[in-house]
Amino acid sequence: MKLLNHTVGILTHPDQEWAQIRSEKENKLSVFLTHVPILALIPVLATFYGVTEIGWAFNGNHMYLTQESAASLAAVSYVANLGVVYMLGEFINWMTETFAEKEMETGRGMTMAVFLMTPVFLSGLVFVYPHLWLCATVAIAGIAWAVYLCYEGMPILMKIPKERAFMFSSSVMTVGLVLLVIMKVASVIVWSIGIGPEYTSMPS
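No gaps in the numbering here: position 92 of the sequence shown is 92 in UniProt numbering, and each next residue is one more.
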């Protein structure tokens, strides 16, 4: 229930939700385990269904992935999703030594990372219908909301001045982009060792 409440709140009234999240006393492992394993499944399952049952449209034809190929890629994507959130959370925790107050509770960085990624994961629902422009538009919207949440929520959650929060948020966004690039490079490496997509012209 807490997961549902925070998920809805961070999308509809983020300022109040950040304040509510700040008032809760949870360690970073608890925040991670109660939210990320479920949220990270959303884009993975949506994509698995989309590429095996609906298919990508190419020049009027539909191309699908075999279930075996899609399952392998889904497993890799799920682990990558978990890893990105955890690494981002650890980075924010580390950076609190520079930007936040010394008495700041440990684990706030993981909380920030989890809720920044919430709209990104939720936007992954669109992959049940893998149309290129639709998926790209919704994914960009999810990322844009995450950026807004970062700049809006940092001074509230970390309880620091807005000027310092702006620099902190910019650092977080930079690291987020670096992690995204690392994921893309890792995908190429994974594909090169034989876990790449296998296409078919019929649903699996």
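Think of the CB as a built atom: it goes at the ideal place given N, C-alpha and C, for glycine as much as any other residue.
When only Cα atoms are considered, Ile10 and Pro130 end up about 26 Å apart.
Phe166 and Ile156 have their alpha carbons spaced roughly 12 Å apart. Across the structure, Asn59 and Gly107 are spaced so that their CA atoms are roughly 49 Å apart. Under the DSSP assignment, Leu88 falls outside any beta strand (DSSP E), being part of the alpha helix (DSSP H) whose first and last residues are Gln67 to Phe99. Each residue's CA atom was taken as its position, placing Glu68 and Gly55 some 15 Å apart. Every alpha helix (DSSP H) stretch that sits fully inside the stretch 106 to 184 and reaches 4 residues is listed by chain position as 108 to 123 and 132 to 157.
Judged by pairs of C-beta atoms under 8 Å, the stretch 145 to 163 touches the stretch 10 to 23, as three or more such pairs exist.
In the structure shown, Ala57 falls within a strand segment according to DSSP collapsed to helix, strand and coil.
Within the model, the alpha-carbon separation for Pro197 versus Ser77 is close to 13 Å. Of the other Cβ atoms in all chains shown, 16 or more fall within 10 Å of the Cβ of Thr7; this residue is therefore buried.
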